[in-house]
Amino acid sequence: MSAHEADKTCPECGSEDTVRIVYGFPGTEMIEAAERGEIALGGCVISPMGGDSDRRCRVCDWEWTVEWG
Ligand SMILES: [Zn+2]
Numbered sequence: 744m745s746a747h748e749a750d751k752t753c754p755e756c757g758s759e760d761t762v763r764i765v766y767g768f769p770g771t772e773m774i775e776a777a778e779r780g781e782i783a784l785g786g787c788v789i790s791p792m793g794g795d796s797d798r799r800c801r802v803c804d805w806e807w808t809v810e811w812g
């Protein structure tokens, strides 16, 4: 398993049925993609706590942060 594939795997339940969480004001394309279950909308407010999750499991709704780069 590559690191990229590991990023897609839910650390809680092991499912690969996960989507990227997209932050920012969603445009029409983003809303449609979210309705198709291709992405998850994180909203337009960035958490003051930092460390926003950027991956969500569609099986158990677990959210986690993938270290990019
Ligand atoms: Zn899960």
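Residues 744 to 812 in our numbering are what the sequence shown spells out, letter by letter. Note that the Cβ used here is the ideal one computed from N, Cα and C, for glycine as well. Keep in mind the model is a prediction, meaning the values are calculated, not measured.
Around the CB of arginine 798, 16 or more other CB atoms lie within 10 Å, so the residue is classed as buried. For the pair isoleucine 782 and cysteine 800, the Cα-to-Cα distance works out to about 11 Å. Residue environment: isoleucine 774 is assigned as exposed (fewer than 16 neighbouring CB atoms within 10 Å of its CB, all protein chains considered). Rounded to the nearest whole angstrom, the CA to CA distance from aspartate 760 to cysteine 753 is 8 Å. Counting only the Cα atoms, leucine 784 lies some 7 Å from proline 769.
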